[in-house]
Amino acid sequence: LIDLLSINGNDDRLSSNVNYQSIVLIDRKLISMCLPIDRIGDYTDFYSSIDHARNVGIMFRGVENALQPNWLHCPIGYHGRSSSIVVSGTSFHRPSGQLQADEKDKSLGSHYLPSNKLDFELELAFFIGGPENKLGEPLSISEAENRIFGVVLMNDWSARDIQSWEYVPLGPFTAKNFCTSISPWIVPISALNIFRGPNSFGNEQLPRVLDYLHDDKYHDSFYHVDLQVSIRGEIDMTPSIVTRTNAKYLYWNFKQQLVHHSITGCNIRPGDLMGTGTISGTTEDSFGSLLELTWNNQRSIQLSNSSRNPTRGFLLDGDEVVITGKATIGDISIGFGECRGLILPTYRKTN
């Protein structure tokens with residue numbers, strides 16, 4: 071199929087025949103993409119990038135307590151809301167919720183307002199395939215590899231001010247349940263095998279993980295996918311690139327995320343979706359969220375292609391965020407398409 075669709079492929083039956091092209095190729099401007107799976111099952115989002123976890127920890131707990139004691143021992147995650155997963159190109163309203171009334175004094179309670187700290191999260195996500203494991207029967211690392219069907223781009227939109235008030239003690243809830251965007255094309259995991267390699271931290275995990283999480287192929291279990299986020303302001307013609315990173319900056323691989331999810335005996339079904347969590351690199355220009363890029367609004371970023379209102383702390387109404395991804399080795403590349411979403415003003419009921 072790759073040869074058939076490639077301009078310089080070995081099979082030129084399509085590229086050399088205009089009549090065939092008119093039959094099988096459709097201008098993408100004439101079509102509306104749908105979710106790649108009609109009814110996504112359960113959705114879990116992990117926290118698998120060590121640089122992202124460390125950045126957030128430093129921001130809120132200080133350098134000495136950057137990583138929670140459990141972080142290097144198991145993949146951390148939370149259960150998301152599959153009903154609000156939308157396909158790329160879907161617009162959504164800025165969420166309102168409970169915000170802490172006084173940032174310095176939690177005892178003063180909260181008030182209900184639109185979020186002022188709306189953020190993107192640059193992620194990959196993988197869909198589950200294969201037969202469902204029975205309730206009570208965990209998956210092994212080798213079994214997990216055969217259950218990962220394919221990968222999409224993901225933006226797990228987050229309201230940071232709602233999150234900071236509600237996340238203790240059970241983690242994110244309404245700060246993340248209002249919208250999650252994914253790209254419409256699933257890239258089969260088999261197509262990504264040639265892009266596998268080590269992560270950016272080495273060939274083994276220290277401290278050594280428990281046996282059920284140990285992966286003999288850890289050194290070759292990360293997909294080197296270049297990722298990019300752009301923001302286009304309401305009146306801007308061209309999006310501005312705000313970050314570039316790579317999926318090699320994950321610490322926990324797909325298999326380990328899936329195995330840990332099942333270790334208590336949770337049955338994982340075909341069509342379930344697992345997000346990696348925000349993927350951040352080691353440098354400031356490779357951070358995967360505005361929370362990190364602006365260090366929680368302590369500094370601003372510049373939109374290079376914006377002539378009006380070119381600075382951002384967090385996202386504004388009318389902003390469109392576009393995530394793209396591409397894996398490349400030599401002259402072979404696989405694109406992931408786009409994951410884009412437009413922010414509308416807060417919804418207001420009319421009588």
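Using this note's numbering, you'd call the opening residue of the sequence shown number 71 and step up by one each time.
The beta carbon of each residue, even a glycine, is placed where N, CA and C say it ideally should be.
In this structure, F357 and L188 do not form a Cβ contact; the two beta carbons are roughly 17 Å apart against a cut-off of 8 Å. Look at the segment 142-179 and you find these whole runs of beta strand (DSSP E), each 3 residues long or longer: 147-149, 155-157, 160-163, 166-170. For the 8 Å CB-CB criterion, K318 and H294 form a contact. The segment 316-374 is shown to contain whole beta strand (DSSP E) runs of 3 or more residues at 343-345, in chain order. In this structure, V156 sits away from C104, with a CB-CB distance that is not shorter than 8 Å. Under the 10 Å beta carbon count, D82 is surrounded by fewer than 16 other beta carbons and is classified as exposed. Runs of the beta strand (DSSP E) lying entirely within the segment 205-282, each at least 3 residues long, are 218-225, 250-252 in chain order.
Of all alpha-carbon atoms in L100, L84, I101, the one lying nearest the alpha-carbon of I93 is that of L84. For Q138, there is no enclosing beta strand (DSSP E), as DSSP marks it with neither H nor E. Residue range 402-414 is occupied by the beta strand (DSSP E) that includes G407. With a contact defined as Cβ atoms closer than 8 Å, L209 and S332 qualify at about 4 Å.
Burial is judged here by how many other beta carbons sit within 10 angstroms of a residue's own beta carbon; N316 has at least 16 and is buried. Bounds of the beta strand (DSSP E) holding V299 are 296-302. Sixteen is the threshold: since fewer than 16 other Cβ atoms of the shown chains lie within 10 Å of the Cβ of Y417, the residue is exposed. The beta-bridge partner set that DSSP reports for I311 consists of S300. Taking the C-beta atoms as reference points, Q170 is found no nearer than 8 Å to Y182. A residue is called buried when at least 16 other Cβ atoms come within 10 angstroms of its Cβ; E362 meets this threshold and is buried. Here S119 carries a strand assignment [DSSP, helix/strand/coil].
Its Cα nearest to that of S119, the residue S359 stands out among I402, F219, S166, S359. Sequence-distant partners of F190 (beyond 5 residues in either direction) whose C-beta falls short of 6 Å from its own C-beta, in its chain, are N225, V391. Per DSSP, the beta bridge partners of H181 are L169.
Burial is judged here by how many other beta carbons sit within 10 angstroms of a residue's own beta carbon; F130 has fewer than 16 and is exposed. With contact defined as three or more Cβ pairs closer than 8 Å, the segment 201-217 and the segment 386-406 are not in contact. In this chain, the alpha helix (DSSP H) harbouring L74 covers 72-75.
Separation of L412 and P165 (C-alpha to C-alpha, rounded to the nearest whole angstrom) is 13 Å. Residues of the same chain with a CB within less than 8 Å of the CB of Q233, apart from the 5 flanking positions on each side, are P242, A245, K246 in chain order.
The alpha carbon of G267 has as its nearest neighbour, out of I399, S300, T348, G199, the alpha carbon of I399. Burial check for N78: the Cβ neighbour count within 10 Å stays below 16, so the residue is exposed. Cα atoms of G132 and D306: separation of roughly 38 Å, rounded to the nearest angstrom. Residue range 88-94 is occupied by the alpha helix (DSSP H) that includes I93. In this structure, DSSP gives L194 an extended state, which the three-state scheme calls strand.
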